[in-house]
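Student: The structure is given below, and queries will be raised subsequently.
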Amino acid sequence: MTKKMSISTSKTSLVLFLCQIISALDVPLDSKLLEELSQPPTITQQSPKDYIVDPRENIVIQCEAKGKPPPSFSWTRNGTHFDIDKDAQVTMKPNSGTLVINIMNGGKAEAYEGVYQCTARNERGAAISNNIVVRPSRSPLWTKEKLEPNHVREGDSLVLHCRPPVGLPPPIIFWMDNAFQRLPQSERVSQGLNGDLYFSNVQPEDTREDYICYARFNHTQTIQQKQPISVKVFSMDSLNDTIAANLSDTDIFGAKPVTERQPVLLTPTGSTSTKVELRGNVLLLECIAAGLPTPVIRWIKEGGELPANRTFFENFKKTLKIIDVSEADSGNYKCIARNALGSVHHVISVTVKAAPYWITAPRNLVLSPGEDGTLICRANGNPKPSISWLANGVPIAIAPEDPSRKVDGDTIIFSHVQERSSAVYQCNASNEYGYLLANAFVNVLAEPPRILTPANKLYQVIADSPALLDCAYFGSPKPEIEWFKGVKGSILRGNEYVFHDNGTLEIPVAQKNNAGTYTCVARNELGKIQNEVQLEIKDPTMIIKQPEYKVIQRYGQVSFECIIKHDSTLLPTVTWLKDNDELPDDERFLVGKDNLTIMNVTDKDDGTYTCIVNTTLDSVSASAVLTVVAAPPTPAIIYARPNPPFDLELTGQLERSIDLSWLPGDENNSPITSFVIEFEDALHEPGVWRYQTEVPGSQTTAQLKLSPYVNYAFRVIAVNRIGRSQPSEPSEQYLTKSASPDENPANVQGIGSEPDNLVITWEPLKGFQSNGPGLQYKVSWRQKDVDDEWTSVIVANVSKYIVSGTPTFVPYEVKVQALNDLGYAPEPSEVIGHSGEDLPMVAPGNVQVHVINSTLAKVHWDPVPLKSVRGHLQGYKVYYWKVQSLSRRSRRHVEKKILTFRGNKTFGMLPGLEPYSSYKLNVRVVNGKGEGPASPDKVFKTPEGVPSSPSFLKITNPTLDSLTLEWGSPTHPNGVLTSYTLKFQPINNTHELGPLVEIRIPANESSLILKNLNYSTRYKFYFNAQTSVGSGSQITEEAVTIMDEVQPLYPRIRNITTAAAETYANISWEYEGPDHANFYVEYGVAGSKEDWKKEIVNGSRSFFVLKGLTPGTAYKVRVGAEGLSGFRSSEDVFETGPAMASRQVDIATQGWFIGLMCAVALLILILLIVCFIRRNKGGKYPVKEKEDAHADPEIQPMKEDDGTFGEYSDAEDHKPLKKGSRTPSDRTVKKEDSDDSLVDYGEGVNGQFNEDGSFIGQYSGKKEKEPAEGNESSEAPSPVNAMNSFV
């Protein structure tokens, strides 16, 4: 029987609501049909029950619903009607019930605290949301207190109290020192669940003045710190020395040595205590003991065992953690602290209560007139929850009466319903620990039959295979289906046919005589309709001559045959595989029509070769094995580089030449092809060997040209096909006589560095080119095309001379001549140079933009006059930047891109644009000095494109017959999303794919529950998004329904998040499981069939940086743990940023920025002078000096430019941090001694990561928000970003 799908009504769209039906009437997923049917409202999206909001941001209370006709929305606040039209700060989104409360333009979040409920209503009923309790988060400042230093004797216990301010939600506590390093914790020193720092016994190394407790308020991204606590530990040795120094020789003195003590519990106190926890939560029990030696903690459950797979020990076994607790976990838990001197214990009586949870939630009913049905609402909890019903949001006791309805406790029974019986019913299950609210509609439809299968659809099957002819239908009451063969044939009956409930006709073994026309007829009391389909039977494909086993010698030739027979109307394709993989990309493999030939066979060709024949309807294959054997061996010849030449001799010495001869070494079975001769100048470059010449291998003498004033030595290197020999021993030295230079400097240039100068440069002669001592240069220049004389100057052995006072960008004739103590070099040639350039004066005009497609535009402009360029025209720069996305309508940080077009070009292409976005651009002319003024900004917009793949696809909550799918919208929607497409199919044990099912999902949905699946079956899912342009790339995932209805076992890896840049990405995750797990990260290109790449994570960190990624590419990623039976997370998908054409000009080089910084510096100087004068007038007092010496540090806000702590002062005390400051003098956080430094960690998708994994940017990534007003509830600015990674 064909399976139906059942989809959750709480988070899915109208298109899928009709599938949740518990009666006999099913509604197919046909979009045209669904658009025509009336539907009561259903809530598809709503804010959480306990909704804590950021008081600095607008409050968005979600309420989305679907129905036919579309529903209208209304709200109540604190139980009464909320008239949004009377509050200018409150608006409702169009075609939605979502409220937006404007806080950023003067509203107060505290004024909108309360309980909100949304109602969605149309002519068929009303659905209501949960009670949404809206509360603004709070992060109050630490209460000021005077902390006395703690003086403790070695071996004693100590508790440092944190006492953080009470916030909403409660803060996360951690301890660090002045250098922002984690304070080391151990069995002896650890942090309790209440945030206090416990010392079982203190040691001298515990002495320090900077025990600092930090409280992190996650919701407002702020961190508060307590004043530093000082601890001084007195050791017995130092105490005895102090006593001895103050007593006479006759006195008896000496402090008692450190004495060992049996354990005493620091927390909890007493011998017993109680603990209440809710079902499904995490149970945390804690025991911390004092004693010397340090006690060891052990946990037991009286009268039972600790639950396997759910029990974990943390904080050096001082904390017992049981996850997903149930009523069976109630009982007495005993912690035992023991050392060598004894033990102490404490019993904690645990009671597990339960908020209501569903046993059977009510489900939508779609009925025909006159039918019966039931709504069942069953829940459990501790204590047992009470059940109450509402109809269209009104208690059912006072709702309008319906004669077809009868309420019986947790069940509503419907008898002989009519169309007026349509309504939405609400079930509320509540006890003292919470409540559940579910909407379920009753929709009564009266519809004549409709056949949804296309008319004259053609079905083609292979003979002797099953044939399935579809007749998808709908009607209310449910129609009866009959099949006929031929237009006027008789009704089909008998064992040779199978009739499915969904209308499908199955012919189990189709034969040639089954071909023809089939007619499907659907009828109910409201009408009748019929449809015809065609069936064709094809001959099967066969391999009539299969490939055979072959044995071939190495370097031989082999051929496999594969001759086929097939139906004449089908077009076959033949594919060859080697070892079940593609054939090697090698020209030795020749694929013919009926054979495969392998030329020049090698050992790697050994294996199994398979011939696969595919048609559109069937597939067959045959295989054969190829065995390669060795050819007869041949003796090997050893080849090597030649031995070095020897016996070098110099003859025929002249001033400018000399003869060199040598004897060659052994050529080692490879003829010498050439000799390379090198020389050393011991006078100018001793120890440096340079190339002189190369002669053929048959030649053993060479006449070498020499330069004056060089002390020569020569060596020879032999070369054969294998390589170069070692150099020979050097020849004797030969010093040539001095002479005037033979040549002048090369690469002479005249280029101005400023608008009023000319910089003449050249490449100096090398030592052996000087030909004698006293090398100098004669530099000459004159303005071109002007009747001027040459101006000359003689300079030392340098490479540059600057001519000042020149006109701007004027051509000059330049020459440089070498000379030494013996005379001048020949007359040099002249080169043309230019004096310095200045910035262009005119901007390009008539800038026009032509948008070609969603990612490409063409820009045109008119060239500027050459006289206005005032330099070498290098080209034009086009600055362009994205103003906003047209789909999100949200501005972002403007990042300008630059494209440079060389020469006098007047147009250019702008690639890599983001679809469906608004851009601006301007054009500037560029010379060697820089850029000219910008043209006026030109605005243009790109059209829509296809979206990227959804940001993630997670499959959770596997049960016997259902899976829950959750997804994220595409990172780059590239337009207005119109819908999602989900396709899935089962996979059997041999990895064969089953029938593919496709579902269209509206764009505003983010989750889906698939039901009525096969138990213990693996499914493969394909998911993508669509805009009006088309479908984007898809993301795939696999999941398995479970064999038995059991809870998933610990451990697990979840909440994988990514922060991607152009070529790297930071991957972070949450892990629950045994300590010291070894993680690994696997990744690959999304949609690719390549194997996963694997990276091992160093240590047990919960983040990793993937490097070397390709810009603008979608990747898939998953995380696993070694040693946990291949355990790993679900896949996630992210996309790297596009490659940037260019970056914006450095702001520090801009004139306006330099001027602004000068003004700020001047203002600071004036303030310092005023403060100094007022201080001198007031004088100094001892009390003032003491206050300065013991300044009370406050919360230190974060500077947005460098991410370090700044200085904080409240309304009464405007003193900067001094000795007690937690910021180094250079105002940066340093990482020196600890691997657990703040700068190693990062958290949150709003942060960014460098390629080495370090964290940059603010903790929250929000830079333009002002802190909320108020005293105790105000938030301090966020401190060092990386500090957030510690908790």
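In our numbering, the protein residues as written are 4 to 1290.
In this text, a Cβ means the ideal position worked out from N, Cα and C, and glycines have one as well.
1. Take Asp1213 and list the residues in its own chain whose beta-carbon comes closer than 6 Å to its own, dropping the five residues that flank it on each side.
2. Excluding sequence positions up to five away, which residues of its chain have a Cβ less than 8 Å from the Cβ of Leu738?
3. To the nearest angstrom, how far is it from the Cα of Val1177 to the Cα of Leu1168?
4. Straight-line CA distance for Thr576 to Phe910?
5. What are the partner residues of Asn125, as DSSP defines its beta bridges?
6. Report buried or exposed for Ala364, applying the criterion of at least 16 other Cβ atoms within 10 angstroms of its Cβ.
7. Report yes if the C-beta distance between Glu1085 and Arg1055 is below 9 Å; otherwise report no.
8. In terms of residue numbering, what span does the beta strand (DSSP E) encompassing Ile754 cover?
9. Determine, using beta carbons only, whether Ser1036 and Ser952 come nearer to each other than 9 Å.
10. What's the gap between the Cα of Asn930 and the Cα of Leu1112?
11. Between the alpha carbons of Gly220 and Glu969, how many angstroms are there, rounded?
12. Would you be able to state if there are at least three C-beta pairs under 8 Å between the region 716–734 and the region 773–786?
13. Which value, in whole angstroms, describes the spacing of the CA atoms of Val616 and Glu499?
14. How far does the beta strand (DSSP E) with Gly376 in it reach, from first residue to last?
15. What's the C-alpha gap between Lys781 and Tyr804?
16. Expressed to the nearest angstrom, what Euclidean distance is found between the alpha-carbon atoms of Tyr435 and Pro386?
17. If we call anything under 9 Å between Cβ atoms a contact, is Phe987 one with Tyr1025?
18. Please list the segments of the alpha helix (DSSP H) lying wholly inside the region 324–361, counting only runs of 4 or more residues, in order along the chain.
19. On the premise that Leu287 lies in contact with Thr322, defined as a C-beta separation below 8 Å, what is that separation, rounded to the nearest angstrom?
20. From what residue to what residue does the beta strand (DSSP E) around Val926 run?
21. Taking 9 Å as the cut-off, decide whether the C-beta atoms of Asn598 and Phe563 are in contact.
22. Looking only at C-alpha atoms, which of Gln463, Leu150, Glu148 and Arg453 sits nearest to Ile484?
23. At 3 residues or longer, and completely inside the region 270–334: list those beta strand (DSSP E) runs for me, N to C.
24. For Tyr1244, which of helix, strand or coil comes out of DSSP?
25. Residues in the same chain with beta-carbon distance under 8 Å from Thr1044, minus the five sequence neighbours each way, listed in chain order, please.
26. What distance in whole Å lies between the Cβ atoms of Val1120 and Phe1106, which are believed to be in contact at a cut-off of 8 Å?
27. Helix, strand or coil for Tyr115 per DSSP?
28. DSSP on Lys781, reduced to helix/strand/coil?
29. Could you check which residue in Lys481, Leu455 and Asp467 has the C-alpha nearest to that of Gln514?
30. Closest to Glu116 by C-alpha separation, out of Asn856, Thr79, Met95 and Lys89, would be which residue?
31. Should the region 733–751 be called in touch with the region 818–827, which here means at least 3 C-beta pairs below 8 Å?
32. Secondary structure at Gly848, three-state DSSP: helix, strand or coil?
33. At what residue ranges does the region 627–686 contain a whole run of the beta strand (DSSP E), taking only runs of 3 or more?
34. Please tell me whether Pro936 and Val845 are closer than 9 Å, where the distance is taken between their beta carbons.
35. Where Lys324 and Asn312 are concerned, what is the direct C-alpha to C-alpha distance, given to the nearest angstrom?
36. To the nearest angstrom, how far is the alpha carbon of Leu586 from that of Glu1093?
Tutor: Concretely, from the data shown:
1. In this prediction, Asp1213 scores a pLDDT of 39, lower than 50, which makes its location untrustworthy; the coordinate-derived value is nonetheless stated afterwards. So the list is empty, once near-sequence residues are dropped.
2. Here the set comprises Leu686, Val713, Asn714 and Tyr715.
3. Note that residue 1177 is Arg in the sequence shown, not Val. C-alpha separation (whole angstroms): 15 Å.
4. Roughly 49 Å separates the two Cα atoms.
5. The partner list for Asn125 (beta bridge, DSSP) reads Gly128.
6. When all chains shown are included, Ala364 counts as buried.
7. For Glu1085 and Arg1055, no; Cβs fall outside 9 Å.
8. DSSP places Ile754 inside the beta strand (DSSP E), whose first and last residues are Ala749 to Ile754.
9. Yes, the pair counts as a contact, with Cβ atoms nearer than the cut-off.
10. Cα to Cα, Asn930 sits roughly 36 Å from Leu1112.
11. At residue 220 the sequence reads Phe, which differs from the Gly that was named. One Cα belongs to Phe220, the other to Glu969, and the distance between them is close to 28 Å.
12. With the cut-off at 8 Å, the region 773–786 and the region 716–734 do not touch.
13. Distance between the alpha carbons of Val616 and Glu499 is about 31 Å.
14. Run containing Gly376: Gly376 to Ile379, per the beta strand (DSSP E) assignment.
15. Roughly 10 Å between the two C-alpha positions.
16. Contrary to the premise, residue 435 reads as Glu rather than Tyr in this sequence. Straight-line Cα distance between these residues: approximately 8 Å.
17. Less than 9 Å separates the beta-carbon of Phe987 from that of Tyr1025.
18. Here no run is fully enclosed.
19. Yes, Thr322 and Leu287 are in contact; Cβ-Cβ is about 6 Å, under 8 Å.
20. Bounds of the beta strand (DSSP E) holding Val926 are Ser920 to Val929.
21. Yes, the Cβ-Cβ distance between Asn598 and Phe563 is below 9 Å.
22. Ranking the options by Cα distance to Ile484, first place goes to Arg453.
23. As far as the region 270–334 is concerned, its whole beta strand (DSSP E) runs of at least 3 residues are 275–281, 286–289, 291–295, 299–304, 314–317 and 322–325.
24. Reliability fails at Tyr1244, whose pLDDT of 36 lies under 50, so the model's placement of it is uncertain and the value that follows must be treated cautiously. Tyr1244 sits in coil when the DSSP states are folded into three classes, being neither helix nor strand.
25. Hits under 8 Å: Pro961, Thr962, Leu963, Asp964, Ser965, Leu966, Leu1016, Asn1017, Tyr1018, Ser1019, Thr1020 and Tyr1022.
26. Not a contact, Cβ separation roughly 12 Å.
27. For Tyr115, the secondary structure class from DSSP, reduced to helix, strand or coil, is helix.
28. Strand at Lys781.
29. Of Lys481, Leu455 and Asp467, the residue nearest in Cα terms is Asp467.
30. Per the Cα distances, Thr79.
31. Output reads yes: the region 818–827 touches the region 733–751.
32. If DSSP states are grouped into helix, strand and coil, Gly848 belongs with the strands.
33. With a minimum length of 3 residues, the continuous beta strand (DSSP E) runs that stay inside the region 627–686 are 649–654, 660–666 and 675–684.
34. Yes, the pair counts as a contact, with Cβ atoms nearer than the cut-off.
35. Taking the straight line from one Cα to the other gives about 11 Å.
36. Roughly 16 Å between the two C-alpha positions.
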